[in-house]
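Visitor:
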Amino acid sequence: FILGAPLNDRGYDLYARFKSFFKRWEKPVRHSADQPIELDADILIFGMGRVGTGAYEAARTMYEARVIGMDNNRDVVEHHSKEGRDVLFGDVTDIDFWEKIRPDQVRSISLCMPLHAANVIAVEQLQEAGYSGFLASTARYEDEAEELKKMGVHSVYNIFANVGTAYAEYVHDDYKALYGHFPG
4 FILGAPLNDR GYDLYARFKS FFKRWEKPVR HSADQPIELD ADILIFGMGR VGTGAYEAAR
64 TMYEARVIGM DNNRDVVEHH SKEGRDVLFG DVTDIDFWEK IRPDQVRSIS LCMPLHAANV
124 IAVEQLQEAG YSGFLASTAR YEDEAEELKK MGVHSVYNIF ANVGTAYAEY VHDDYKALYG
184 HFPG
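First residue of the sequence shown? That's 4 in the working numbering, and the numbers climb one at a time after it.
(1) Residues in the same chain with beta-carbon distance under 6 Å from Y160, minus the five sequence neighbours each way, listed in chain order, please.
(2) Specify, as a first and last residue, the run of the alpha helix (DSSP H) that T168 falls within.
(3) Go ahead and pull the three-state DSSP assignment for A132.
(4) Looking only at its own chain, which residues have a Cβ that is under 6 Å from the Cβ of N122, when we skip the five neighbours before and after it?
(5) Leaving out the 5 sequence neighbours to the left and right, which residues in its chain are closer than 6 Å to D89 when beta-carbon positions are compared?
(6) Verify whether the separation of the beta carbon atoms of D45 and R69 is less than 9 Å.
(7) Quick one: give me the first and last residue of the beta strand (DSSP E) that L138 is part of.
(8) Name the residue from G57, V80, L42, D99 whose alpha carbon lies nearest to the alpha carbon of Q128.
(9) Pull up the distance between the alpha-carbon of F92 and that of A169, whole angstroms please.
(10) Check F163 in the structure and name its three-state DSSP category.
(11) Considering only DSSP beta bridges, list what M154 is partnered with.
(12) Could you compute how far the alpha carbon of Q212 sits from the alpha carbon of D43?
(13) Do you know whose CA, among G50, Y66, K85, E60, lies nearest D94's CA?
(14) Using C-beta distances below 7 Å, list every residue in its chain close to E147, excluding the 5 sequence neighbours before and after it, in chain order.
(15) Report, in whole angstroms, the separation of the C-beta atoms of A58 and I48, which I expect to be a contact under 8 Å.
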């Protein structure tokens, strides 16, 4: 455990550094899970939780665009597929994942993953791949939003910053629908 702990903390960086060495030992035939993913869409959304699902539905409706969702949980992918959404399995924190996709096939990418580190990794990998389309992301805190903006993300939505305002508007609309007007 003592020897493994430092390696675990740096596993991602170490693999990225020595990836070409490890690739020499792979079999020439790719496993079915390692096949290239064709992104036949205008918009790609990473993270199909509440925010990602809402963004997916809104993009499909508002922009009449072809949207693909991606999530790292197979149960989530299966659920969305049953609901008629085009959602694929993929883990942005897996370095090898980025060899399976060509991000330049889409015009816009939204990062809706709950973990800030996953969003940061995705931005770094997209930059390394030379992605030049529109890039949006969610953040929970202002410092996370600032970090993503400094990294070059075009639009960062702080999901907690406007929750109170959105709630007040929601209550206002329901109150007005019930009573016809809002006092004041």
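All C-beta atoms in this analysis are idealised placements derived from N, C-alpha and C, irrespective of residue type, glycine included.
Guide: This is what the structure holds:
(1) If we look at Y160 and ignore the five residues flanking it on each side, its Cβ neighbours are T141.
(2) From DSSP, the alpha helix (DSSP H) with T168 extends over 166-182.
(3) In the displayed model, A132 falls within coil according to three-state DSSP, outside both helix and strand.
(4) Cβ within range, chain order: L114, M116, S140.
(5) The residues are I71.
(6) D45 places its beta carbon less than 9 Å from that of R69.
(7) Run containing L138: 137-142, per the beta strand (DSSP E) assignment.
(8) When only C-alpha atoms are compared, the closest one is D99.
(9) The alpha-carbon atoms of F92 and A169 are separated by roughly 32 Å.
(10) If DSSP states are grouped into helix, strand and coil, F163 belongs with coil.
(11) Bridge pairing for M154: absent [DSSP].
(12) Residue 212 cannot be examined here, being either before or after the span of the chain that is shown, 4 to 187.
(13) Selected option, being the one with the closest Cα: G50.
(14) Within the same chain, E147 has close Cβ partners H119.
(15) Taking 8 Å as the upper bound for CB-CB distance, A58 and I48 are in contact here, some 5 Å apart.
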